[in-house]
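Protein chains in written order, with the working numbering: chain A, 1 to 638; chain B, 1001 to 1077.
Cβ atoms here follow ideal geometry from the backbone N, Cα and C, with glycine treated the same way.
Report on one structure; see the data block that follows.
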Amino acid sequence: MNVEMLPLQLVGLKENLHAAIRTLRDVGCVQIDDLAEAPEVAARPLSLDRKTLRAQEELGVLVARIEGLLEMLGHTDKDSAHPVAAQPCEAPTAAACLEEARQGLEALLPRVQELTARRDRLQAELSSLPRYETTLRKLLPMIPPGAYDPENVTVGLLVSRTHVGVLDSIGRRIMDLTAGRAEVVASDVDAVTRAMLVVFPAAYTADTESILGQEDVSRLRLPARLGEGPPDVVLEKLHRRMSAIPGELQEIEQALSILAADWIQRLLTWRAVLREEIDSNSVLSRFGETDSTFVLVGWVPKEAFAEVEAALRDEVGEELFIQPLPLTPELKDRAPVCLKNPRPARPFESLVSLLALPRYGHTDPTQLMAFFLPIFFGMILGDVGYGALLLILALFLIRKFDRGVARDVAVVLAMGSGWAIVFGFLYGELFGTLGEEIGMHALWFDRASAEHVSSLLIMSLVVGAVHITLGLLIGIWEAARDRSRSHLLERGGMLLGLISLFLIVAVAVEYLPQGFMTPAIAGMILGIILLGSSLGWLGLVMGPIEFIGLIGNVLSYLRIAAIGLASVYLAKVANDLAGMAGSLLVGIILATLIHALNLVLAAFSPTIHSLRLHYVEFFRKFYEGGGRAYEPFRSTIR
Amino acid sequence: MEVSGLGPGLTAIGAGLAVGLAAIGTGLAQARIGSAGAGVIAEKPEALGTIILLVAIPETMVILGFAVAAMVLLLGG
């Protein structure tokens, strides 16, 4: 059902602005429109004062910090089913909550930053140490004895093997400098690099560093934590370090986990409260103002108007003017659409919206879809076994998802599966022909048998005729209500032509006496003329074509029979192959595989085709889509 | 060769052609609509319903083919 909406205008003193916003948010059923879209209200757009803008900026920064902290503490919104706060803020007001958040962040942020920075450093160290280990290992065989003398300094050099001359030159100069007291050894460490170890007395450090600085060579610089010394000593220190780092990382992760357990719920609460404050301030941009008043226009469900008015009077006082606006045709075009249906039909609202929301004031087909779609699903699938399995799957999904489109689809599947079981008994099918093997008999007719195929086709066509006639009747009612002459002629002509066609068929199969033939042909011609007249001169050609299209729409319901038969025969193939396998085990495996494939098809195909019959054949006879969704201003904190 | 002996076979071939050719036509149309529709959904996910509708429209052809095949088999056979 398309809920009746009331356009409203609210005028109040600026000093009551924030109280009014709070009340509207708490009531949660008023959609606030942008005043610029309401030329009938004379007010300039509200300019936000500097204080509000500054507050907005600060709120944005705080939310960004909270999100950064949540990320550092390893929380993602996927972790919680509901990304809003699961518990209310302990502070009594939003301002107090803001202060609490500010202080909390000041206490928490440095601790988390320090821990994460340390963790990043350790991870970087852990990934770099193995590289030093490789080089140090290659230097082990060439350590000169002087390297172990505490009076000496050891320096490692790396150079490309294409520039080995540089190493020779450095070696000679250091030997000259130290008057032969240095030790220089060099070796290839890999295909492209040559390494050199220079050991010299500590007294020559400054001069040696000067020589090394003049040449284009890479020094083997180790992390300061490993200290200096011969490669084998350094390598041992490196191993000790590599084995210590995982423990340190674990300690940090534990510390972060403790912080996360203590703080995440509070951070989520603060984020939700702050986001709500941001939203409340953002909505101000849709308001208008005069020198001393604020003005807003919006929409409220008619039945909730009294509640909104009472809440505003209670919270803001009498210095407030709230009144419903007359619903002019221009306003009606802008009215938001709020669908309200009985609980069992609600999951079908998602399926209707999948195409487009109905326009305001037009028929909401949700309840009709809730009635017909599961029946079509059941007629197509029509198997006790598949229906039962899909019902179990749907019930599992309903338990798993407590809201959202997934739950809606699961409910639709459950209803369809229920009808599939009912039609399964009517057709006498349990996993295709298996039911027959164990003595199950069709309560209505066995659709898989050759003599009953025509019954199945006729049943599908009758269902199509009823469904399309219903669509046309609703369309005629809508056209009459909207006083749309062209739609009335079009849909009336279609209905007249279609009913006449049914009469012609009934006479042709001798269900009705021949006397009906002439009036039926006359009725069909009149229907086509009416249909064509709705299209102007073009109708001379388009009228008959549209009528043929209408017959095509009815024939389209043959898919109920066609898809169903495909499913039955696939199941029959599974059972027959199992019987021909020769081995019980192979037979069971074969049958299970083919039945599993059929079950997957059974879940999708009837749904898609039932949807298509609604969207293309049924809705087109009356449906006016393109409605604007009703989005009330409300709190997101549960 | 007796013509009547060919009857059931020709009927079956006719029914098969009615469904098969219609299915090829539907497949060609759906391939084009589907590939364009996938592009639209990538840009505009809210158009899913419209795309399903557009992809589903050519299916009428194969259903009409099925109707013709059923008529050939039930009335002509």
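Here ALA1015 of chain B is near VAL1072 of chain B, since their CB atoms are less than 8 Å apart. Note on the region 29–80 of chain A: whole alpha helix (DSSP H) runs with a minimum of 4 residues are 50–72, in chain order. In the three-state DSSP reduction, PHE401 of chain A falls in the coil class, being neither helix nor strand. Linking ALA272 of chain A to VAL61 of chain A through their CA atoms gives a straight-line distance of about 14 Å. If you draw a straight line from the Cα of GLN103 of chain A to the Cα of GLU15 of chain A, it comes to about 29 Å. Contacts with chain B (Cβ-Cβ distance below 8 Å) from the region 437–470 of chain A involve VAL453, SER454, LEU457, listed in chain order. Taking the Cα positions, GLY385 of chain A is about 39 Å away from LEU503 of chain A.
When DSSP states are grouped into helix, strand and coil, THR135 of chain A belongs to the helix group.
At a cut-off of 8 Å between beta carbons, GLU1059 of chain B contacts chain A.
Here DSSP, grouped into helix, strand and coil, assigns VAL1062 of chain B to helix.
Under the three-state reduction of DSSP output, ASN575 of chain A falls in the helix class. Pairing ILE594 of chain A with PHE445 of chain A, the inter-Cα distance amounts to about 25 Å. For LEU1017 of chain B, the nearest beta carbon of chain A is not closer than 8 Å to its own beta carbon. In the same chain as LEU555 of chain A, and ignoring 5 residues on each side of it, the C-beta atoms closer than 8 Å to its own belong to LEU461, GLY464, in chain order. The region 237–244 of chain A makes no contact with the region 117–124 of chain A: fewer than 3 CB pairs, one atom from each, lie closer than 8 Å. In terms of beta-carbon proximity, ILE1051 of chain B stays away from the interface with chain A, with every pair separated by 8 Å or more.
Taking a contact as a CB-CB distance under 8 Å, the pair ALA1018 of chain B and GLY1049 of chain B does not count as one, their CB atoms being some 31 Å apart.
For VAL3 of chain A, the secondary structure class from DSSP, reduced to helix, strand or coil, is coil. In the displayed model, THR293 of chain A falls within a strand according to three-state DSSP. If you draw a 10 Å sphere on the C-beta of LEU46 of chain A, you find 16 or more other C-beta atoms in it, and that means buried. Per DSSP, the beta bridge partners of MET196 of chain A are A:LEU157, A:ALA186.
Below the 8 Å Cβ cutoff, chain A contributes LEU555, SER556, LEU558, ARG559, ALA562 as neighbours of ILE1063 of chain B, in chain order. Counting along the chain, GLN323 of chain A sits inside the beta strand (DSSP E) bounded by residues 320–324. A contact between stretches requires three or more CB pairs, one per stretch, nearer than 8 Å, and the region 327–337 of chain A fails this requirement with the region 388–397 of chain A. The C-alpha of GLU289 of chain A lies about 5 Å from the C-alpha of ALA43 of chain A. The beta-bridge partner set that DSSP reports for VAL337 of chain A consists of A:ALA629. At a cut-off of 8 Å, the C-beta of LEU1048 of chain B has a neighbouring C-beta in chain A. Apart from sequence neighbours up to five positions away, the residues of its chain that approach ILE21 of chain A with a beta-carbon distance below 6 Å are SER280, ordered along the chain. Ranked by how close their Cα comes to the Cα of PRO7 of chain A, the residues A:GLN31, A:ASP26, A:LEU13 have A:GLN31 in first place. LEU249 of chain A and ARG119 of chain A have their C-alpha atoms roughly 6 Å apart. DSSP places LYS237 of chain A in the uninterrupted alpha helix (DSSP H) bounded by 231–282.
The C-beta of THR178 of chain A has 16 or more other C-beta atoms within 10 Å across all chains shown, which makes the residue buried. Counting only the Cα atoms, GLU106 of chain A lies some 21 Å from GLN254 of chain A. Taking each of A:SER257, A:THR23, A:GLU277 in turn and checking the Cα distance to LEU53 of chain A, the smallest one comes out for A:GLU277. ALA1067 of chain B has a beta carbon lying within less than 8 Å of a beta carbon in chain A.
The CB of LEU599 of chain A never comes closer than 9 Å to any CB in chain B; the least such distance is about 22 Å.
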